[in-house]
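These protein sequences, in sequence, are chains A and B. The opening position of the first sequence corresponds to residue 1 in full-length UniProt numbering, with each subsequent residue numbered one higher. The opening position of the second sequence corresponds to residue 1 in full-length UniProt numbering, with each subsequent residue numbered one higher. Each residue gets a CB set at the ideal place from its N, CA and C atoms; glycine is no exception. Everything numeric in this text was worked out from a predicted model, so none of it was measured. Let me begin by presenting the structure, written as structure tokens, before commenting on it.
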Amino acid sequence: MGVLGEAWTWLTTGANWSGESGVAHRLGEHLYVSGVALALSCVIALPIALFLGHIGKGGALAVNISNVGRAVPVFAVLALFMVSPLRNSGYVPTIIALVLFAVPPLLTNAHVGMTEVDRSVTEAARGMGMSGGQLFVRVELPLAYPMIMTGLRSAAVQVVATATIAAMVGQGGLGRIITAGFNTYNTPQVVAGALLVAVLALLVETVLVALDRMLSPLRRRRTA
Amino acid sequence: MAGQNCLVTNDWICGEYLRSRSQELTDATVQHIWITAVSVAIGVAVAFPLALLARRSRRFAGPVLGLTTVLYTVPSLAMFSLLLPLFGLSAALVVTGLVLYSLTILVRNILAGLEAVPLEAKEAARGMGYGPARLLWEVELPLALPALMAGIRIATVSTVALTTIGSIVGRGGLGNLIDDALPSFFKAQVLAASVLCVLLAVVADLLLLGVQRLLTPWTRISRTRDAVDTAGAAKAV
Numbered sequence: 001m002g003v004l005g006e007a008w009t010w011l012t013t014g015a016n017w018s019g020e021s022g023v024a025h026r027l028g029e030h031l032y033v034s035g036v037a038l039a040l041s042c043v044i045a046l047p048i049a050l051f052l053g054h055i056g057k058g059g060a061l062a063v064n065i066s067n068v069g070r071a072v073p074v075f076a077v078l079a080l081f082m083v084s085p086l087r088n089s090g091y092v093p094t095i096i097a098l099v100l101f102a103v104p105p106l107l108t109n110a111h112v113g114m115t116e117v118d119r120s121v122t123e124a125a126r127g128m129g130m131s132g133g134q135l136f137v138r139v140e141l142p143l144a145y146p147m148i149m150t151g152l153r154s155a156a157v158q159v160v161a162t163a164t165i166a167a168m169v170g171q172g173g174l175g176r177i178i179t180a181g182f183n184t185y186n187t188p189q190v191v192a193g194a195l196l197v198a199v200l201a202l203l204v205e206t207v208l209v210a211l212d213r214m215l216s217p218l219r220r221r222r223t224a
Numbered sequence: 001m002a003g004q005n006c007l008v009t010n011d012w013i014c015g016e017y018l019r020s021r022s023q024e025l026t027d028a029t030v031q032h033i034w035i036t037a038v039s040v041a042i043g044v045a046v047a048f049p050l051a052l053l054a055r056r057s058r059r060f061a062g063p064v065l066g067l068t069t070v071l072y073t074v075p076s077l078a079m080f081s082l083l084l085p086l087f088g089l090s091a092a093l094v095v096t097g098l099v100l101y102s103l104t105i106l107v108r109n110i111l112a113g114l115e116a117v118p119l120e121a122k123e124a125a126r127g128m129g130y131g132p133a134r135l136l137w138e139v140e141l142p143l144a145l146p147a148l149m150a151g152i153r154i155a156t157v158s159t160v161a162l163t164t165i166g167s168i169v170g171r172g173g174l175g176n177l178i179d180d181a182l183p184s185f186f187k188a189q190v191l192a193a194s195v196l197c198v199l200l201a202v203v204a205d206l207l208l209l210g211v212q213r214l215l216t217p218w219t220r221i222s223r224t225r226d227a228v229d230t231a232g233a234a235k236a237v
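So this is what it looks like as structure tokens:
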């Protein structure tokens with residue numbers, strides 16, 4: 001209880017929130033890096049996955065990419081970037097590493113969602129005279145939507161969680177509060193930082209669940 | 001000339017490094033394997049009763065699945081730090097964190113495997129006078145084995161990768177070498193440890209696949225194995 005109490009005291013001390021290494025600045029870095037990485041990953045993964053799903057090819061590719069992603073430690077990838085010339089380019093190493101790890105879940109889920117659309121439904125749509133484009137926008141995309149959002153959710157949570165590791169190689173983000181606490185043997189600060197990161201990850205998950213419900217094409221149809 | 005100088009010029013690939021530090025590399029690899037193996041073993045031992053509990057009734061299923069999923073969303077650096085007041089700077093800290101992460105994957109896979117056992121098989125066994133324990137051990141478990149092994153494989157591969165984060169408390173196996181090499185930009189060490197880590201994951205996966213084939217000879221005849229991957233994505237490392 002003692003440590004948790006001290007961690008709470010650390011969190012509620014205003015001075016710990018301000019300045020270059022304060023919570024506010026680190027939170028900003030964390031959200032910026034995660035946001036950019038997630039947006040980039042969507043731009044890269046979704047068009048490929050949706051197109052491959054639409055033409056019904058490349059399933060093995062999606063699965064293999066996802067499996068490879070599991071075996072590679074983010075820490076190692078970030079460390080490799082940090083001993084290369086990339087280390088002098090600001091947030092770039094973190095963002096590249098995060099994109100590498102967000103693409104597999106996005107790609108796999110979107111692809112699975114597209115290929116799991118019932119064959120008879122797409123055939124019926126074609127029978128009604130829908131073109132490939134219409135079929136994609138009005139049938140396949142709405143039906144694949146739940147899987148795409150599941151992928152987006154796991155990618156987002158993963159990105160926010162992984163951005164923490166950036167601190168271990170000296171990059172910014174909330175993880176810095178934890179590593180700084182470790183280096184100064186300040187356990188309350190370590191626990192406070194960990195609590196912040198855990199809460200942020202759960203918050204992102206919650207926001208995305210809400211967003212998922214709001215944007216669901218099936219719900220929109222009901223209210224319209 | 002190149003042999004000695006690659007340490008001085010800080011090359012990515014350095015034979016001299018591999019030769020002179022082979023003991024250090026071996027020690028780190030052994031620690032890595034040890035931490036991963038213990039974590040997955042404890043994970044299976046904890047996940048199995050939890051899966052049985054979740055199967056028993058809906059009342060337990062919700063909390064068990066919910067809790068293990070929430071644990072999975074906690075970032076690894078935060079998880080290890082949150083456990084710090086409980087365990088101090090020890091290997092137990094890293095192992096506990098890894099066990100908690102493996103639970104999500106393992107519980108879901110074991111549950112999916114047990115629920116996929118055909119009802120006819122269970123009823124036939126009951127008709128033959130099998131009690132619940134014998135039914136579980138001799139009928140349900142063998143039939144759930146492919147799903148169980150798929151879960152163990154996924155859990156092992158992500159645990160190998162996650163173990164590196166344990167270097168924050170100095171118990172990260174190959175992660176320690178990466179951590180040590182960072183301040184001096186020692187490229188050969190970072191690359192060697194990273195490659196070893198990925199190799200370890202691949203070898204572990206292949207070994208487990210072999211074990212699975214040995215344990216379930218009947219699946220090779222009828223159909224190919226379908227992996228149950230309910231956890232969705234790899235755990236952030």
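Residue i, buried or exposed, once every other Cβ within 10 Å from all chains shown has been counted against 16
| i | result |
| --- | --- |
| W218(B) | exposed |
| residue 238(A) | Any answer about residue 238(A) is impossible in this case: the structure gives chain A only from 1 up to 224. |
| T73(B) | buried |
| M149(A) | buried |
| I95(A) | buried |
| G151(A) | buried |
| A236(B) | A caution first: A236(B) carries a pLDDT of 48, below 50, which makes its placement in the model too unreliable to give a value. |
| P63(B) | exposed |
| E29(A) | buried |
| A231(B) | For A231(B), the pLDDT reaches just 41, beneath the cut-off of 50, and the residue's location in the model is therefore unreliable, leaving the point undetermined. |
| F185(B) | exposed |
| S22(B) | exposed |
| R59(B) | exposed |
| S131(A) | exposed |
| D229(B) | With a pLDDT of only 45 at D229(B), under the threshold of 50, the placement of this residue in the model should not be trusted; the figure read from the coordinates follows. The residue in question, D229(B), is buried, as its Cβ has 16 or more Cβ neighbours within 10 Å. |
| R153(A) | buried |
Residue range of the unbroken alpha helix (DSSP H) whose run includes residue i
| i | result |
| --- | --- |
| P142(A) | 141–162 |
| F51(A) | 23–55 |
| T13(A) | No alpha helix (DSSP H) holds T13(A); DSSP gives it neither H nor E. |
| A201(A) | 187–215 |
| C14(B) | Neither: C14(B) is in no alpha helix (DSSP H) and is coded neither H nor E. |
| E123(A) | 119–127 |
| M114(A) | 92–115 |
| N109(B) | 91–115 |
| A125(B) | 119–127 |
| L67(B) | 58–73 |
Test item: CB-CB of residue i and residue j under 8 angstroms
| i | j | result |
| --- | --- | --- |
| L200(A) | V160(A) | yes |
| G69(A) | T115(A) | no |
| L11(A) | A102(A) | no |
| A51(B) | A76(A) | no |
| V46(B) | V99(B) | yes |
| V33(A) | A163(A) | yes |
| V190(B) | V83(A) | yes |
| V139(A) | T108(A) | no |
| T163(B) | T36(B) | yes |
| C197(B) | A155(B) | no |
| T159(B) | S102(B) | yes |
| V169(A) | A45(A) | no |
| V157(B) | A121(B) | no |
| V204(A) | A155(A) | no |
| L84(B) | T187(A) | yes |
Proximity test, residue i beta-carbon vs the ligand NAD heavy atom, cut-off 7 angstroms
| i | result |
| --- | --- |
| S89(A) | For the ligand NAD, the structure offers nothing, since it holds no ligand at all. |
Is the region 171–179 of chain A in contact with the region 74–92 of chain B, if contact means three or more CB pairs nearer than 8 angstroms? yes
At a cut of 8 angstroms, does the region 187–195 of chain A reach the region 130–148 of chain A through at least three beta carbon pairs? No: the two stretches stay apart, fewer than three of their Cβ pairs being nearer than 8 angstroms.
Is the region 144–151 of chain B in contact with the region 78–95 of chain B, if contact means three or more CB pairs nearer than 8 angstroms? no
At a CB distance below 7 angstroms, what residues from the region 70–89 of chain A approach chain B? Give them in sequence order. R70, A71, V72, P73, V74, F75, A76, A79, L80, M82, V83
Against chain A: residues of the region 148–174 of chain B by CB proximity under 9 angstroms: Cβ contacts with chain A come from I154, V157, S158, V160, A161, L162, T163, T164, I165, S167, I168, V169, G172, L174.
When you compare the region 48–63 of chain B with the region 104–117 of chain B, are there three or more beta-carbon pairs, one atom per stretch, that lie closer than 8 angstroms? yes
Pull out every residue of the region 198–222 of chain A whose Cβ sits closer than 8 angstroms to any Cβ of chain B, in chain order. A198, A201, L202, E205
Just by C-beta distance, which residues in the region 184–208 of chain B are closer than 8 angstroms to chain A? Listed in sequence order: F185, F186, K187, V190, L191, A193, S194, C197, V198, A201, V202, D205.
Determine, using beta-carbon pairs with one atom in the region 11–19 of chain B and one in the region 110–125 of chain B, whether at least three such pairs fall under 8 angstroms. no
Closer than 8 angstroms, Cβ to any Cβ of chain A: which residues of the region 81–103 of chain B, in chain order? Taking 8 angstroms as the cut-off between beta carbons, the residues of the region 81–103 of chain B near chain A are S81, L82, L84, P85, in sequence order.
contact_flag[the region 119–128 of chain A, the region 86–94 of chain A] where n(CB pairs < 8 angstroms) is 3 or more: no
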